[in-house]
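Novice: Line by line, the protein sequences give chains L and V.
Just so you know, we're using my numbering here: the first sequence kicks off at 75 and counts up by one.
Just so you know, we're using my numbering here: the second sequence kicks off at 247 and counts up by one.
Mind looking over this structure? Questions follow.
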Amino acid sequence: GDSVTQMEGPVTLSEEAFLTINCTYTATGYPSLFWYVQYPGEGLQLLLKATKADDKGSNKGFEATYRKETTSFHLEKGSVQVSDSAVYFCALTWPNRDDKIIFGKGTRLHILP
Amino acid sequence: ETGVTQSPTHLIKTRGQQVTLRCSSQSGHNTVSWYQQALGQGPQFIFQYYREEENGRGNFPPRFSGLQFPNYSSELNVNALELDDSALYLCASSPGVPGGNEQFFGPGTRLTVL
């Protein structure tokens, strides 16, 4: 079945370090891809999205590129901040179907000052 | 604009009991989806309601049921609770006809089954 696999955490980095969180997917058709973030004590928030191959989603300094050839959507940020500490979920859904989202297991990120 | 709200925030039940969780969708949103997020896991899709009808269901048994009301608010009902039902239950709403729309999540209801 369709699924999302992302790197296991926790990931611990120092402030201003470079971040990569790997995500790969298995899906039929051409899904839309997302990164969601869950800050401590808050609900899930959409961080960025890409709807077709080679699209780059970006927000708050984070970027991810939809790579169909490698079925990947890795999250990157050039210089992380303490406030980026959260759980990050890679996810997919299909346009023109329902709004069902398939999530990865999440990656907890700790940024040390 | 009020976002998605859920009640209660926390709930403790015992095995075999029944529970009802509630969700108010964001203003103007007519689609509501429910997800179960077990500790340390990603959310899993339970089902979705669009215009008061079920519009898709995940791999959950029939004891998980739902309703959507004319004002687009929704309920999730779980019968015969099991220990493994302990989780954070998330509600999400989205506008328009279902089909890849951005979903807006509520803060969740934490259910503990003893």
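Ideal Cβ placement from N, Cα and C applies to all residues, glycine included.
In this text the structure is predicted, and so the values were computed from the model without any measurement.
Take V156 (chain L) as the anchor and find which of L:T125, L:F108, L:W109 and L:H184 has the nearest alpha-carbon.
Specialist: Ranking L:T125, L:F108, L:W109 and L:H184 by Cα distance to V156 (chain L) puts L:H184 first.
Novice: Hey, would you say K151 (chain L) sits closer than 7 Å to F136 (chain L), going by beta carbons?
Specialist: Result yes, Cβ atoms of K151 (chain L) and F136 (chain L) sit closer than 7 Å.
Novice: How far does the beta strand (DSSP E) with V78 (chain L) in it extend, from its first residue to its last?
Specialist: Element bounds for V78 (chain L): S77 to Q80.
Novice: Beta strand (DSSP E) containing G312 (chain V): first to last residue?
Specialist: That run of the beta strand (DSSP E) goes F310 to Q314.
Novice: Would you say P353 (chain V) lies against chain L (beta-carbon separation less than 7 Å)?
Specialist: Cβ-Cβ to chain L under 7 Å: yes for P353 (chain V).
Novice: Identify, in the order they occur along the chain, each residue of the same chain with its Cβ nearer than 7 Å to the Cβ of T102 (chain L), setting aside the five sequence neighbours on each side.
Specialist: So the list reads D76, once near-sequence residues are dropped.
Novice: For a contact defined as C-beta to C-beta under 7 Å, what are the partners of N347 (chain V) on chain L?
Specialist: The answer, in chain order, is D173.
Novice: May I have the straight-line CA-CA distance separating L334 (chain V) from F92 (chain L), to the nearest angstrom?
Specialist: Their Cα atoms are separated by approximately 31 Å.
Novice: Can you tell me whether L329 (chain V) is helix, strand or coil according to DSSP?
Specialist: If DSSP states are grouped into helix, strand and coil, L329 (chain V) belongs with the helices.
Novice: Taking C-alpha atoms, which residue in V:G354, V:G288, V:T277 and V:P307 lies nearest to D173 (chain L)?
Specialist: Among V:G354, V:G288, V:T277 and V:P307, the Cα nearest to that of D173 (chain L) is on V:T277.
Novice: Go ahead and pull the three-state DSSP assignment for V156 (chain L).
Specialist: Reduced to three states, the DSSP call for V156 (chain L) is helix.
Novice: Does chain V have any CB closer than 7 Å to the CB of G117 (chain L)?
Specialist: True, the Cβ-Cβ gap to chain V drops below 7 Å.
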